[in-house]
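Written out below as structure tokens is the structure these notes cover.
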Amino acid sequence: MLILYRLIINVVCLFAPIILRIRIYKQKEDENRYKEKLCIIKKKKPQGKLVWFHAASVGELLSVVPLLERLEKIKEIRTILITTTTLSSSKVFEKKIKSKKIIHQFFPFDKDIFTKKFLSHWLPDLVIFVESEIWPNFILNIKNRKIPLILLNARITTKTYLRWKKIPNFAKSIFDSFDICLSQNKETEKYLANFGVKKIKNFGNLKFSSPVSLSSDKLNKNILKMFHYKKIWCATSTHIGEEVFCGKTHIELKKRLKNVILIIIPRHIHRV
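In terms of the numbering used here, the sequence shown has 41 at position 19, counting the first letter as 1, and numbering is strictly consecutive.
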């Protein structure tokens with residue numbers, strides 16, 4: 023299975039420069055930094071111990087910000103490397119994280135040669151993957167180098183579990199490569215145990231423990247006044263085209279209900 027996976031990744035990477043250029047045109051990639059995804063690294067590794075976090079996008083990044091703030095205060099840790107995959111997450115990083123001790127890099131394609139180059143450059147002392155970021159080449163190469171590896175806030179849906187269940191031996195070799203898996207719910211804990219993973223702990227969802235950013239009291243009062251006695255429904259994490267369906271549904275609801283309000287929260291920040 024690993025051979026087939028690597029073959030598919032190698033084929034994808036042949037077209038990666040074209041794919042990235044198209045995404046730049048659609049404003050989904052950073053034109054100045056897209057080569058980081060091809061493992062072309064311009065930043066130098068600072069001396070001393072380095073902890074690497076990989077968080078796919080905005081939600082995963084925000085969930086670990088409180089943890090980053092605590093680790094940043096530990097003198098023995100000289101550098102914290104954050105990798106993400108989306109343009110929106112890099113913008114959130116720039117806005118939320120000001121410490122020079124914490125640096126951002128785009129996560130490269132999971133091609134075997136890229137993963138080895140990346141690990142040789144950064145030489146992490148600890149690696150933490152967040153939620154459902156499972157990249158076989160990276161995971162196996164990290165294990166081969168005997169670098170401690172943690173799956174933090176682990177999340178496996180039933181749909182994902184059924185996919186992995188079709189390749190049980192491969193699933194076990196991947197998930198068992200983690201030194202510990204900290205699941206966000208009992209369902210994920212059960213699925214990981216079914217794969218033969220022994221070091222699991224139901225840690226709870228980090229996103230629920232993240233501090234809520236509150237606006238001014240005056241603004242809060244205005245919001246409460248605006249929505250007082252209103253019936254509110256919310257469409258979250260929407261993609262292109264889905265808002266049209268929500269709009270049509272809202273028009274029908276307004277025919278039956280009074281004072282109904284629709285709040286739409288797009289999946290990607292740049293579409294707001």
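Where a beta carbon is used, it is the ideal one built from N, C-alpha and C, also for glycine.
- CA-CA distance, I63 to I222, rounds to 34 Å.
- Straight-line spacing of the CA atoms in D147 and G81 works out to 25 Å.
- For the options K187, L214, F267 and F249, the alpha carbon positioned closest to that of N281 is the one of F249.
- The way I'd put it, the segment 159 to 167 does touch the segment 194 to 202; three or more beta-carbon pairs between them come closer than 8 Å.
- Annotation: L72 to L145 spans about 7 Å, alpha carbon to alpha carbon.
- Counting only runs of 4+ residues, the alpha helix (DSSP H) found wholly inside the segment 67 to 111 occupies 80 to 93, in chain order.
- About 5 Å separates the CB atoms of I104 and F75; that is less than 8 Å, so the two are in contact.
- Counting the other CB atoms within 10 Å of its CB gives A215 a total below 16, which places it among the exposed residues.
- Bounds of the beta strand (DSSP E) holding K253 are K253 to T260.
- By the criterion of at least three beta-carbon pairs nearer than 8 Å, the segment 130 to 142 is not in contact with the segment 46 to 55.
- By the C-beta density criterion, H261 is exposed, having fewer than 16 other C-beta atoms within 10 angstroms.
- Contact check between the segment 91 to 111 and the segment 172 to 179: fewer than three CB pairs, one atom from each, fall below 8 Å, which does not count as touching.
- F128 has its alpha-carbon roughly 6 Å from the corresponding atom of K59.
- N224 is positioned such that its CB atom lies no closer than 7 Å to that of E209.
- In the three-state scheme derived from DSSP, where H, G and I count as helix and E and B as strand, K223 is classed as strand.
- With a contact defined as Cβ atoms closer than 8 Å, T107 and F115 miss out at about 12 Å.
- V266: member of the alpha helix (DSSP H) spanning E264 to R278, first to last residue.
- In the three-state reduction of the DSSP assignment, C35 falls in the helix class.
- Pairing A78 with V86, the inter-Cα distance amounts to about 12 Å.
- Around the Cβ of S205, a 10 Å sphere holds 16 or more other Cβ atoms; the residue is buried.
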